Amino acid sequence: MAQQLVKKDDDRDDEAEYSPFMGIEKGAVLQEARVFNDPQLDARRCSQVITKLLYLLNQGETFTKTEATEVFFAVTKLFQSKDMGLRRMVYLMIKEISPSADEVIIVTSSLMKDMNSKIDMYRANAIRVLCRITDGTLLAQIERYLKQAIVDKNPVVASAALVSGIHLLQVIPISFCNSVYFAHPMYATCSFYAPSLQTNPEIVKRWSNEVQEAVQSRAALVQFHALGLLHQIRQNDRLAVSKLVTSLTRGTVRSPLAQCLLIRYTSQVIRESGNNTQPGDRPFYDYLESCLRHKSEMVIFEAARAITELNGVTTRELTPAITVLQLFLSSSKPVLRFAAVRTLNKVAMTHPTSVTNCNIDMESLISDQNRSIATLAITTLLKTGNESSVDRLMKQITNFMSDIADEFKIVVVEAIRSLCQKFPLKYRSLMNFLSNILREEGGFEYKKAIVDSIVILIREIPDAKETGLLHLCEFIEDCEFTYLSTQILHFLGIEGPKTSDPSRYIRFVYNRVHLENATVRAGAVSTLAKFGAAVDELKPRVFVLLRRCLFDSDDEVRDRATLYLNTLGGDGSVVETDKAVKDFLFGTFDIPLVNLETSLKNYVPSEEAFDIDSVPKEVKSQPLAEKKAPGKKPTGLGAPPSGPPSTADSYQRVLSSIPEFANFGNLFKSSEPVELTEAETEYAVNVVKHIFDRHVVFQYNCTNTIPEQLLENVIVIVDNSEADEFSEVFSRPLKSLPYDSPGQIFVAFEKPEGVPTLGKFSNVLKFIVREVDPATGEADDDGVEDEYQLEDLDIVSADYTLKVGVSNFRNAWESIGPDYEREDEYGLGPRESLAEAVNTVINLLGLQPCEGTEVVPPNSRSHTCLLSGVFIGNIKVLVRLSFGLDGPKDVAMKLTVRSEDETVSDAIHEIVASG
Amino acid sequence: MLHVLRDMIEEGAITISVEVSCPSIKNILLLDSEGKRVAVKYFSDDWPTNSSKLAFEKFVFTKTLKTNARTEAEITLLENNIIIYKFAQDLHFFVTGSDDENEIVLASVLQGFFDAVTLLLRNNVDKREALENLDLILLCLDEIVDGGMILETNGPLIAEKVTSHTIDADSSLSEQTLTQAWATAREHLTRTLLK
Numbered sequence: 000m001a002q003q004l005v006k007k008d009d010d011r012d013d014e015a016e017y018s019p020f021m022g023i024e025k026g027a028v029l030q031e032a033r034v035f036n037d038p039q040l041d042a043r044r045c046s047q048v049i050t051k052l053l054y055l056l057n058q059g060e061t062f063t064k065t066e067a068t069e070v071f072f073a074v075t076k077l078f079q080s081k082d083m084g085l086r087r088m089v090y091l092m093i094k095e096i097s098p099s100a101d102e103v104i105i106v107t108s109s110l111m112k113d114m115n116s117k118i119d120m121y122r123a124n125a126i127r128v129l130c131r132i133t134d135g136t137l138l139a140q141i142e143r144y145l146k147q148a149i150v151d152k153n154p155v156v157a158s159a160a161l162v163s164g165i166h167l168l169q170v171i172p173i174s175f176c177n178s179v180y181f182a183h184p185m186y187a188t189c190s191f192y193a194p195s196l197q198t199n200p201e202i203v204k205r206w207s208n209e210v211q212e213a214v215q216s217r218a219a220l221v222q223f224h225a226l227g228l229l230h231q232i233r234q235n236d237r238l239a240v241s242k243l244v245t246s247l248t249r250g251t252v253r254s255p256l257a258q259c260l261l262i263r264y265t266s267q268v269i270r271e272s273g274n275n276t277q278p279g280d281r282p283f284y285d286y287l288e289s290c291l292r293h294k295s296e297m298v299i300f301e302a303a304r305a306i307t308e309l310n311g312v313t314t315r316e317l318t319p320a321i322t323v324l325q326l327f328l329s330s331s332k333p334v335l336r337f338a339a340v341r342t343l344n345k346v347a348m349t350h351p352t353s354v355t356n357c358n359i360d361m362e363s364l365i366s367d368q369n370r371s372i373a374t375l376a377i378t379t380l381l382k383t384g385n386e387s388s389v390d391r392l393m394k395q396i397t398n399f400m401s402d403i404a405d406e407f408k409i410v411v412v413e414a415i416r417s418l419c420q421k422f423p424l425k426y427r428s429l430m431n432f433l434s435n436i437l438r439e440e441g442g443f444e445y446k447k448a449i450v451d452s453i454v455i456l457i458r459e460i461p462d463a464k465e466t467g468l469l470h471l472c473e474f475i476e477d478c479e480f481t482y483l484s485t486q487i488l489h490f491l492g493i494e495g496p497k498t499s500d501p502s503r504y505i506r507f508v509y510n511r512v513h514l515e516n517a518t519v520r521a522g523a524v525s526t527l528a529k530f531g532a533a534v535d536e537l538k539p540r541v542f543v544l545l546r547r548c549l550f551d552s553d554d555e556v557r558d559r560a561t562l563y564l565n566t567l568g569g570d571g572s573v574v575e576t577d578k579a580v581k582d583f584l585f586g587t588f589d590i591p592l593v594n595l596e597t598s599l600k601n602y603v604p605s606e607e608a609f610d611i612d613s614v615p616k617e618v619k620s621q622p623l624a625e626k627k628a629p630g631k632k633p634t635g636l637g638a639p640p641s642g643p644p645s646t647a648d649s650y651q652r653v654l655s656s657i658p659e660f661a662n663f664g665n666l667f668k669s670s671e672p673v674e675l676t677e678a679e680t681e682y683a684v685n686v687v688k689h690i691f692d693r694h695v696v697f698q699y700n701c702t703n704t705i706p707e708q709l710l711e712n713v714i715v716i717v718d719n720s721e722a723d724e725f726s727e728v729f730s731r732p733l734k735s736l737p738y739d740s741p742g743q744i745f746v747a748f749e750k751p752e753g754v755p756t757l758g759k760f761s762n763v764l765k766f767i768v769r770e771v772d773p774a775t776g777e778a779d780d781d782g783v784e785d786e787y788q789l790e791d792l793d794i795v796s797a798d799y800t801l802k803v804g805v806s807n808f809r810n811a812w813e814s815i816g817p818d819y820e821r822e823d824e825y826g827l828g829p830r831e832s833l834a835e836a837v838n839t840v841i842n843l844l845g846l847q848p849c850e851g852t853e854v855v856p857p858n859s860r861s862h863t864c865l866l867s868g869v870f871i872g873n874i875k876v877l878v879r880l881s882f883g884l885d886g887p888k889d890v891a892m893k894l895t896v897r898s899e900d901e902t903v904s905d906a907i908h909e910i911v912a913s914g
Numbered sequence: 000m001l002h003v004l005r006d007m008i009e010e011g012a013i014t015i016s017v018e019v020s021c022p023s024i025k026n027i028l029l030l031d032s033e034g035k036r037v038a039v040k041y042f043s044d045d046w047p048t049n050s051s052k053l054a055f056e057k058f059v060f061t062k063t064l065k066t067n068a069r070t071e072a073e074i075t076l077l078e079n080n081i082i083i084y085k086f087a088q089d090l091h092f093f094v095t096g097s098d099d100e101n102e103i104v105l106a107s108v109l110q111g112f113f114d115a116v117t118l119l120l121r122n123n124v125d126k127r128e129a130l131e132n133l134d135l136i137l138l139c140l141d142e143i144v145d146g147g148m149i150l151e152t153n154g155p156l157i158a159e160k161v162t163s164h165t166i167d168a169d170s171s172l173s174e175q176t177l178t179q180a181w182a183t184a185r186e187h188l189t190r191t192l193l194k
């Protein structure tokens, strides 16, 4: 025993010998740092102590504020030494300590002296240190030297100045996290960059001429740094960047790194030049293509990658890039193989046929030592391959799924999902694969990707439903992620009852009630209730189980059980579930949560129960409006009249305060304000259209922008000769409209009930003007009658639709049923892009895009967009739009509408047909 | 919201100059065969605290441990970062960049670092030698990347910049080794005496 102990000690001793820093301790090193104060400096000793200090910092040790200050002051003494090695360590130490603004002053003069030294290394390092720790005022002082340094004949000095310039231009210097005191609260607040933020970039921008000279430098790295800085100086000037690219792509750029930069800038110029050029004569494409023949691999790759990422890249443009990437695939260097296969994998998503040429090379990468490369190769093959190769590839992936990182596993799962959609007949082996990997270890994102994929398979391939559901059931038996468990339970509740033998799922669901946390238990209770509601034979058994849940320790679980027992008639009588209950259980919750929250906050507890129907269903596009606002230039006093806040709530309040509108019923929708005047005119008027079942109310928000005028008896004369189905019933004038205080005029029309009646209205503002003395603010007694022509106003179809989202479009689509489905095809003619066509139709219909389908991926040739909403008369509408490019620019569209009312389905088609 | 903006950009309705950046390095790590730090340098704020840095180092170390990166530099993608790495004896070299970075540029930085260290340690690329010349390693890191910007990728040039402070390089290098040998011997002696 004793011997063993000794032996262990020996071992440790041996190990310890590996490190000259063994047993090093902060306090002792700080003591040692006193040698910096010796009158006779021992340069070597000092260097060693600094190395020890740097070692401590590098190991994650932190110094207190006092310790750091002491070390800093001691280190500044070392500028006396002429030893160059020591000086280098001093530079490093100052950078690591990152002194505060008042401390910087101490070293400034020493550093400035070094900046003018004859020794190149001193100049280069002093510039880097000084620029890192300086503030704006100092920068102005040393600017002259920096400009000189940029064109210094020593490349190291020039690079030091250029790179420092790049850092000074950046608003957030990324290197700061590294400073010793990053975590130190005092230093975190007194970042010495802060005061210089406004001035530094301005100063650096004045160096343009010198930087331009440096771009022509013979030294490779100087050219790279100069190009980086020059671009940063000019980046907000598109024309200048374009000129820079034009001149440099013609000339010779020697440095490979600079060449890579130039390729990035070129891609930027191509991107910004937009789609106005025909493919084939894309500007600068020739340059990118010529870079594919460069002698440096990094340039070849940068160019190939740039080409594959071009907007709307054609097969013809892709070919040369694919060819060089294919060569990389068989390189001996893993980095090259990885870079190439990763890029090709991305290309395969949009242009699978272009990548098929590489299939043979890809096949050989399946057995690559580097699992990342193998995974990317297999998933690329899955995207480009044919049905017969699927089984073989699946077998190969299975072999090493456990070796690769979750990121790559997700790539594999996604590839399999799309494969399944491509080859539905293969679902059996794919589903098996998914269920196998679902059982293995993995993080949340990975597991979620698998579950999502299985859910998609179940939805898209009817044959896969039963096995898929059972796999999910097995998964929740042992699932550590609450979120996934509840999602699966919810899904089971919807799909399970529709299977041939719903009872087999009950056991899995009820097990959750015993074994899980409260959130999952509550979810399981809801799922049980859904089975009970949908399958009458199961009802008695479900009641038994639900009654047991009444004794749960969690009140949400108990509440749910009680609620469901009551709604399903669990008091013993086994009755057929009526439609209302089914709607309650299976219907989608189509009220935006934000709106519900606001309504609940406003609700005052009283005798009256909270009415969920009173919650507005319109989705607020508030963030968009806010985002747009800063972009809009303030237009002086003629700025948009500060009408009442445009929330439906406040509109409702305003309207209900006017007795004449009381019998109009519930407000269906209020439009966004429509401007009826140009900006910066005498009177600013916009209008909000309030739609009721049988009425329309125009709310004119008026602002008088002339200080010398007071308007009285202001009315809007509305001519509805082009809207003859409307008849005016009421008009409320504005008694007086003083300067800059907005007022509202209301005009109401009657219209046929529940019909989307369209029309055009012309408006004239009529009023009496009284002159006002701006000095006294008193108005003249005599007024003059005057009128002011406003722009026309349209009632469009979108005014009759509400944007109401659904959480699960597919479920909603199925539950509404095909009874009133209407389908037709339309040619939209030449369009700028698919995205533009999609947006136009969305805006025309005024419906809510669902599940992010309003976004058209770049380069796609077809797109499906899902919309949902409510039509006037509270009729739910779902729309499926399939767009396709027909020829170079022509867009064709298939429109399928499902709604609860035949006339509404037809009305939607009419909107599109006439729009 | 972002989708809308992107669509608008694609349609040319609004133009935002997309940030086109210089290649940038997030960190350079030199770890030993147990994943412990020899010298590290971080240039990005992805890992703000020391513990998050240590966690990242441990993660990267264990994920790459089983691979063979001794002849050619290897590469992997972890947590949306590209990591290029190479091992020599009991030292593990890593360079990290973001996942949209040019892999070959990152590899050139690793190669420069590796070559420079090999030169500076006179081909004795191991942990002990690295720690004994830690000052050179730290200067080397300082000369390769400045605040994320690549300063130099040519190994011999980096090594030259690190050692150029000594005018008569040869004599002083050997002299330094002698002194260091002395120091080590003395420390060893003290320790044995103290036992």
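Protein chains in written order, with numbering that gives the first Met the number 0: chain B, 0 to 914; chain S, 0 to 194. Yeah, the Cβ is synthetic: ideal placement off N, Cα and C, and Gly gets one too. None of the values given here were measured: they were computed from a predicted structure.
Contacts of residue i in chain S (Cβ-Cβ under 9 Å)
i              : result
T361 (chain B) : In the sequence as displayed, the identity of residue 361 (chain B) is Met instead of Thr. Within 9 Å Cβ-Cβ: nothing; M361 (chain B) doesn't reach chain S, min ~17 Å.
8 Å Cβ cutoff, residue i in contact with chain S
i              : result
N369 (chain B) : yes
H166 (chain B) : yes
K242 (chain B) : no
A404 (chain B) : yes
F283 (chain B) : no
S116 (chain B) : no
L53 (chain B)  : yes
Buried or exposed by the 16-neighbour rule on C-beta atoms within 10 Å, applied to residue i
i              : result
S254 (chain B) : buried
M21 (chain B)  : exposed
N124 (chain B) : buried
D285 (chain B) : exposed
F609 (chain B) : exposed
Proximity test, Cβ basis, 8 Å: residue i and chain B
i              : result
P155 (chain S) : no
R36 (chain S)  : yes
L119 (chain S) : no
I24 (chain S)  : no
V39 (chain S)  : yes
Proximal chain S residues relative to residue i, where beta-carbon distance stays under 7 Å
i              : result
F300 (chain B) : N101 and I103
A157 (chain B) : Ordered by position in chain S, no residue passes the 7 Å Cβ test against A157 (chain B), which lies about 12 Å from the chain.
Inter-residue spacing [alpha-carbon to alpha-carbon] between residue i and residue j
i              : j              : result
Y787 (chain B) : K765 (chain B) : 6 Å
L666 (chain B) : F691 (chain B) : 5 Å
K81 (chain B)  : L40 (chain B)  : 10 Å
L90 (chain S)  : D31 (chain S)  : 5 Å
Near the ligand GTP: residue i beta-carbon under 7 Å from a heavy atom
i              : result
N762 (chain B) : With respect to the ligand GTP, the structure offers nothing, as it holds no ligand at all.
Partner residues on chain B for residue i, Cβ-Cβ distance less than 7 Å
i             : result
I83 (chain S) : V334
Interfacial residues, the segment 125-151 of chain S to chain B, with Cβ spacing under 7 Å: K126, R127, L130, E131, L133, D134, L137, L138, D141, D145, G146, G147, M148, I149, L150 and E151
Chain-ordered residues of the segment 86-100 of chain S with a beta carbon less than 7 Å from chain B: none
Proximal residues, the segment 245-264 of chain B versus chain S, C-beta separation under 9 Å: P255, L256, C259, L260, R263 and Y264
Within 9 Å of chain C by C-beta, residues of the segment 39-68 of chain S in sequence order: Checking the listed chains, one finds no chain C in this structure; the protein chains it contains are B and S.
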